[in-house]
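Heads up, the thing below is written out as structure tokens.
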Amino acid sequence: MSAEAETIPGQLPGGDRLKEIGGTAARVLVPVVLALIMGGIILMILGKDPLAYYAYVARRGLLTWGGLQETFTRMAPLLLIAAGLIVAFRAGIWNLGGDGQFLLGAVITSAAAPVLLRALPDLLVLPICMILGIVTGAIWSVVPALLKARYGINEIITSMMMSFLGTSFANVLIKLVFWDPSTTVPQTRTLPVDDRLPRIIGTTVHSGIIVAIIVVILVHLMMTRTSFGLKLQVVGANPAAAVHAGLNVAGLTIATFAISAGLIGLSGAVDILGVFGTVRADWNPQYSFLVVPLVFLARFNGYGVIGFTFFFSALMIGGDSAARRVGVPQFFVLVLVALLLIFLAVVEYLDHRRRKKAH
Amino acid sequence: MSEIAASVRNITKRFPGVLANDAVTLEFRAGEVHVLLGENGAGKSTLIGMLAGMQQPDAGEILVAGKPVRIGSPRESLELGIGTVFQHVLLVPSLTVIENLMLGGNWWQRLARGAALQRFKELSALLGVEIDPDALVGRLSLGEQQQVEIMRALWRGEKVLILDEPTSMLTPQGVRDLGAVMKRLSSNGVALILITHKLMEAYEFGDRISVLRLGRVVGEIAPERLKVMSETEVTDTVIQMMFGSTAEHRRDAEILTGRGRAAHKDRTVDRSGTPRFTVSDLATEAGRGECPLRAVGFDLWPGEVLGIAGVDGNGQKHLAEVLAGQRHASHGKIVLGGTDITADGVPQRRRHGVRYVTDERLGEGTVGAFSVATNLILKEIGVEPFFKGGMTDWNRIHDHAREQIRRNDIRTPSEKTPVARLSGGNIQKVLLARELNAEASVAVFNKPTYGLDLQNTRLAHDRIIASAESGMAIVVISTDLDELLEISDRIGVMFQGHLAGIVDNAPDVERKIGLLMTGAKSEAA
Amino acid sequence: MEGLLTQPFLTSLLFGAVTAGVPLLLAGLGEQISEKAGVLNIGIEGMMLFGAYCGFAVALYSGSFTLGFIGGGLGGMVVAAIVMLLCIRFGINQIVIGIGVTIGFEGLTALLHFFEFAQDNPSLPAAPVFALPIVSDIPVIGPGLFAHNALVYLAVILVGVLTWMFRSTYVGLNLEAAGNKPAALDAAGVSVLKTRALAVLSTGFLAGLGGAYMAEVGAGSFGPFMTGGAGFIGIVLAMLARGKPIWVLLGAALFGASLSMTTALQVAGVNVPTDVVQMLPFAMVMLVLVIFARHSVLPPALATPYVRGDRG
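Residue numbers (our numbering), protein chains in the order written: chain Y, 236 to 594; chain L, 1335 to 1859; chain F, 906 to 1217.
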């Protein structure tokens, strides 16, 4: 995306606040509306009623209590991935290995939990599993991180390769190492419901969402208020200036990768500990790519990301159901996400051009 | 009166916030070297950018051979017989000379090497130069690359040749060679347009001089007059045209003509004590296409300005970076005030008092998208008082920025403005404000006034001199010899990674430097 | 283990290597053209997928495999045209658009497949094979290497054609200049944007062709996400090939072999889990990258949009 100013807390870039808020709102809403319209056109071409689809999705995902709870539940892993991507993208690092990091975090956690339960009290198992998820994700990022830090090798390719590798490796672990002999379909030993992340009282939403929100806010504060966050932003905005300023670019690169991948690994852990309790072979929700446009839409702002992720989760929950009820498969959500990303990029570009002319 | 090859009439061009060309009218005659003289920012480059097809004028017209034309792209410019050699070499380093010259064909065509070699021989004869057509451009000297550039510019037709600040990259000998080439071309009927901000060059090479200031043509010296005027007369006339009177603008005049050479005489450097800064046997490793350092050594005393001269590409960048701590020294030692800082990185050196003002202001020195305030503390991220316990004190950073803006007369809408929006001169002020603070004891400047107009050039020189007078030890690396002669106490010359010699800034210094630049070893350092 | 050195295993391995390798070869060659010109085409996976879908659909409805291939190539070019417009013409970030285009066409092709083909699940008959006379009779390697669909031979010939083009025509010169120092190309009067646009469109065609081959010849049908990272492997091949098409061929052969290991092993009666074998190509890529880290060379102007007169 075009170069971003550094994030200063409580400060919108530029001067006149009201005009800036309006401008920002437009830059956010226009791509969303355009994507919905274009998506609607595609639905019409395929012979489906877009309004019926959107209405159903909104109802299912937002307006029913059951659906709303599912939306919040879905938010947890997405938010954690978003947190991981904010850290990486802000530092100019394209961590596109999320799927592998997510799955491995899930598998390791899922395999470890039953074992740990036999030795440790419940209260300790959940945090330890989450830490395991973080560590697993971070470890999976070491190779791309080192290749970039030492040899400048493009991390887009290396992280994507590691993702493919990680996805297959996760399957190998499930099918060959951690499989639960008592099931027909290969999967890990199931964590009993009582031992999973506790629900928020009165709901079916597990507390992983609270963890996720806290993490996102912490990441946001880190980026805007700490020297470490500022260093990451310098590296991302101008690596030559980072060297000139005396920053340890290699170390920061590795740290960024570790944090980003660790958070995505945590996302996998939370999804297992909170929702599934097990990892089935060949399961790959591929959340990482889907979160990318949300992070850009929110312009790397933590609070913004929470909002966008909420609506996107509703879309996913609604869309999931719509596949059965309205006959529009989940693949359509992928198309919407892509349209959103592309329209966002175009709107940003037009806005950038307009601002250049104004000066 | 020879025929008019090309002319511009009432050309006006506006950029956001600045009127680059204001109703400029000029004629370029065949067989004549027409010099466009003016300081940086006078609008010379913009004008020829339009002749080269890079931009379109907002008003006015361009005529070639008497007919109005619209030059919409570099291709159209070349087809009209207008060739432009820009200040920065526009050759592909990984291709050979002849391949670079063949560039310009459509993708479906086969490479016609034979025809290209033929034309190459023609132009080599015309220019009087000898270059191997199969040599990789990346391996040629800057002077040779420039000759290839001239050939490229003349490839499709030799009506008009535009040279934009061609001598900034050359040794004194290279400048003389270029002068010979220009003479040959003009005697063959080519209309030459020479852009420069150096009055001496204008006098030496020009048949006709047009003076530009702030986008306007403020005066012209026709060939008949120029032939009979002395250099001093030309100088006075030009200054008169630009500023109205000579007296008040003596400093500007000096910078323009390169005749000042006064500043360093007001200082005497006390070399009785131990040097503050000693560099010995310094060497670095080369990356692709870079010139590394080989056994560089010098001493620097407090209050001294050591100028480092030399053509670009002789190791200056490595020297600047290794002194600043951005580049690892593969060999040698750097000692500051008795402490060996060779192994120190940038933050540690900064703490010891080393400062580095880079030549790449936006590429390296600042983060263009970030605010002026953040850029002012860019090298102090994580350091108190702006950061405590890892947390950022934005209020303090902004207060500090406002203070610096006021003190250094930095023209910016606010301290939160992205620094890329500032003019070049103001970005330089930001860099100077950041680097030349109280605790600085050694400062390295790389091309400090590159691209700056007279006023900002003067300001930068003043600050460097003031810093020297307050006791700082200063290294100024520059390709502008006049600048070094103006402010340095001693001048060293970089040649192929060596410090070929260091000479005092005494009366015959130019001759000695010229020798050193070509690789002759000095008699006494 | 005796099953490994038998004729069926080796022939199967070779045959599978070619079938799996040709799409990689086409994608890699296509990506090489873009990369030379300074464009990092992340969207190549989307180009392959759309090419696969179009190729399958056209072949199915027209009954002609050749028309299918052309359709696939054109499909890839459609995706490339989007990239060309947004990234080359407007200068929007290539990585963002690449991700968008990949996700978008993953979803779109899966969506189209759902509405068009999911019900009946049609598939194509076996692709026409053109066995090269004489050589295809050589035991073991004959049927393995020389009895393939004609597109395979064309793809190999393409390697030679591109090598010649890069060296002896303006194509190579202009691409090199566009990727190394676009300002020099511009000053010489050649449009950098046009050069890059042509490069991207060529990539689209070749990638689409590769995808069409996967669908028409490799699988005989289309399935959502069927390219499975082939486009990205193509990017890696181009990165490691350092501008020489012959290296893309060798790399594609290697990866094709590792991809075809599963089936070959099954033929040999060895029961190695699919997932382990699927890890092989990617593990190999990482290994090669790690070993040759120092030597991977990319053009200096890669992924940087060109703006005339922009002083940077």
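Built from N, CA and C at the ideal position, the CB exists for glycine as well.
These numbers come from a predicted model, not from an experiment.
### Task
If I'm right that E1081 of chain F touches V1426 of chain L with Cβ under 8 Å, what's the distance once you round it to whole angstroms?
7 Å
### Query
Would a check of beta-carbon distances place L1078 of chain F closer than 8 Å to chain L?
yes
### Test: E1619 of chain L CB closer than 8 Å to a CB of chain Y
no
#### Entry: Chain-ordered neighbours of E1773 of chain L on chain Y, where CB pairs are closer than 9 Å
Near E1773 of chain L there are no residues of chain Y at all, since even the closest Cβ is about 15 Å away, more than 9 Å.
#### Entry: Proximity winner among F:G1012, F:Y1075, F:G976, F:P1027, relative to N1304 of chain L (alpha-carbon distances)
Residue 1304 of chain L lies beyond the range of chain L shown here (1335 to 1859); nothing can be said about it.
### Task
To the nearest angstrom, report how far apart T924 of chain F and S548 of chain Y are at their CA atoms.
40 Å
### Query
By the criterion of Cβ-Cβ separation under 7 Å, what are the contact partners of P1408 of chain L in chain F?
D1091, A1092, G1094
### Task
Just tell me which of F:L1185, F:G1115, F:S1163 has its CA closest to the CA of I975 of chain F.
F:G1115
### At least three beta-carbon pairs within less than 8 Å, the region 1441-1458 of chain L to the region 1504-1513 of chain L
no
### Query
Which runs of the alpha helix (DSSP H) fall wholly inside the region 1519-1552 of chain L and span at least 4 residues, in chain order?
1533-1539
### Query
Listed from N- to C-terminal order along the chain, which residues in the region 1471-1498 of chain L have their beta-carbon within a distance smaller than 8 Å of any beta-carbon of chain F?
R1486
### Task
State the CB to CB distance for the pair A380 of chain Y and F492 of chain Y, rounded to an integer number of angstroms; the pair is presumed to be in contact (CB under 8 Å).
4 Å
### Message
Any contact between the region 1340-1360 of chain L and the region 1380-1398 of chain L? By contact I mean 3 or more CB pairs, one from each, below 8 Å.
### Response
yes
#### Entry: Neighbour flag for K1347 of chain L against chain Y, beta carbons, 8 Å
no
### Message
What would DSSP say about Q1452 of chain L, mapped onto helix, strand or coil?
### Response
helix
### Task
Closer than 9 Å by beta-carbon distance: list the chain L residues that pair up with K466 of chain Y, in chain order.
I1715, G1716
### Query
Under the DSSP definition of a beta bridge, which residues are partnered with Q422 of chain Y?
Y:R515
### Query
Quick one: is R1101 of chain F buried, meaning 16 or more other Cβ sit within 10 Å of its Cβ, or exposed?
buried
### Message
Using a Cβ-Cβ cutoff of less than 6 Å, which residues in the same chain neighbour T306 of chain Y once the five nearest sequence positions on both sides are dropped?
### Response
G296, S548, A549, I552
### Query
How would you label G1415 of chain L, buried or exposed, when you count the other beta carbons within 10 angstroms and need 16 or more for buried?
buried
### Query
Which chain L residues sit within Cβ distance under 9 Å of N1085 of chain F?
V1426, P1427, S1428, L1429
### Query
chain Y beta carbons: is any one of them nearer than 8 Å to that of A1859 of chain L?
Annotation note: pLDDT 40 at A1859 of chain L (below 50); position unreliable, coordinate value reported separately. Output row for A1859 of chain L: interface = no.
### Message
Less than 8 Å between the C-beta atoms of V451 of chain Y and A318 of chain Y, yes or no?
### Response
yes
### Query
With 16 as the cutoff for other CB atoms within 10 Å, does H1795 of chain L come out buried or exposed?
buried
### Message
Quick check: the Cα distance between I949 of chain F and G1003 of chain F, rounded to an integer number of angstroms?
### Response
8 Å
### Message
To the nearest angstrom, how far is the alpha carbon of F1020 of chain F from that of A1393 of chain L?
### Response
58 Å
#### Entry: Counted within 10 angstroms of its Cβ, other Cβ atoms place W1489 of chain L as buried (16 or more) or exposed
buried
### Message
Measuring CB atoms only, is the region 418-436 of chain Y touching the region 338-347 of chain Y, in the sense that at least three cross pairs come out at less than 8 Å?
### Response
yes
### Message
Quick check: is the beta carbon of V454 of chain Y nearer than 8 Å to any beta carbon in chain L?
### Response
no
### Task
Let me know the secondary structure DSSP gives S1775 of chain L once reduced to three states.
coil
### Query
What does T461 of chain Y reach in chain L if we use C-beta pairs closer than 7 Å?
G1724, M1725, T1726
### Query
Under 7 Å Cβ-Cβ, which residues of chain Y neighbour D1180 of chain F?
S403, N406, V407, K410
### Query
Does the beta carbon of A580 of chain Y come closer than 8 Å to any beta carbon on chain F?
yes
### Query
What residues of chain Y sit near R1343 of chain L, judged by a beta carbon separation below 7 Å?
Near R1343 of chain L there are no residues of chain Y at all, since even the closest Cβ is about 27 Å away, more than 7 Å.
### Message
If the criterion is Cβ atoms closer than 8 Å, does the pair A1487 of chain L and T1418 of chain L meet it?
### Response
yes
#### Entry: R1684 of chain L: contacting residues in chain Y (beta-carbon distance under 9 Å)
G481
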